[in-house]
Amino acid sequence: VKVAQDSLDGMEKILPSFDLARKKAEVIDALRELNRPIVVIVDDLDRLPAEEIRLVVQTIKAVADFPRTPYLLAYDREIVAKALGNGDAATGLAYLEKIVQVAYPIPPLFQHQLRNFADKKVQELMAMLNLQLRGYETAIYDRAIKLLTDLTRHPRDIIRVMNRLILSIPATRNE
């Protein structure tokens, strides 16, 4: 017990005394004086590990209720719901509905929209790398774009493929 008490005393000397309620009140006053809103954007919340998703959402709910400070959360609803419900999506959705005041679901892309996006990105990549399709490549180009879109679900998946190609094509161009 003495060793623990000595350790605690040592920690109190290292850490400054900090009145969290006072600091929060100071932030609230400063935000009111600012006379404009601050939008906090949390993008790709669903890409965090489940434990971190819970931590971010709990933090926003518990301590980030500042005036004139809305939060814009971008996430895959099912993934975040499962994380918040420890694997139970229904429980997570119930919790999420208590926090999120307005939801704007974004519909998934149609296959032809994804195909057009992939075609545009491949064309941009070819122009950037100064590539011209050869005869046999032109003949299979549409089939290749279809395969690319069949293997991807989101535009960001296509962007990842393009980023890999930016690095690999110059290294393998003449092979």
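According to my numbering, the sequence shown is numbered sequentially starting from 2.
We put the beta carbon where it would ideally sit given N, CA and C, even for glycine.
Contacts around residue i, its chain only, beta-carbon distance under 7 Å, and the 5 residues preceding and following it disregarded
i: Asp77; result: Asp47
i: Arg116; result: Ile146, Lys147 and Thr150
i: Asp44; result: Ala75
Residue environment, residue i, which counts as buried when at least 16 other CB atoms sit within 10 Å
i: Leu180; result: For residue 180 there is no data in the structure shown, the boundaries of the chain being 2 and 176.
i: Val123; result: buried
Cut-off 6 Å between Cβ atoms - residues of its own chain near residue i, not counting five sequence neighbours on either side
i: Ile61; result: Tyr72
i: Ile42; result: Leu73
i: Glu176; result: none
Beta-carbon proximity check, residue i vs residue j, cutoff 7 Å
i: Ala119; j: Ile167; result: no
i: Leu32; j: Phe67; result: yes
i: Met163; j: Leu130; result: no
i: Leu85; j: Leu97; result: yes
i: Ala90; j: Lys83; result: yes
i: Ile54; j: Val28; result: no
i: Thr70; j: Ile39; result: yes
Rounded C-alpha distance that separates residue i from residue j
i: Arg161; j: Leu56; result: 28 Å
i: Gln1; j: Glu52; result: Residue 1 cannot be examined here, being either before or after the span of the chain that is shown, 2 to 176.
i: Tyr105; j: Asn36; result: 27 Å
i: Thr1; j: Gln114; result: Outside the shown range of the chain (2 to 176) lies residue 1, about which nothing can therefore be said.
i: Arg144; j: Gln112; result: 14 Å
i: Ala22; j: Gly88; result: 34 Å
i: Thr173; j: Arg165; result: 12 Å
i: Glu138; j: Leu132; result: 11 Å
i: Ala140; j: Lys121; result: 18 Å
i: Tyr6; j: Glu34; result: Contrary to the premise, residue 6 reads as Gln rather than Tyr in this sequence. Whole-angstrom Cα-Cα distance: 43 Å.
Same chain only: Cβ atoms within 8 Å of residue i, ignoring 5 sequence neighbours per side
i: Val64; result: Lys25
i: Gln102; result: none
i: Glu79; result: Ala90
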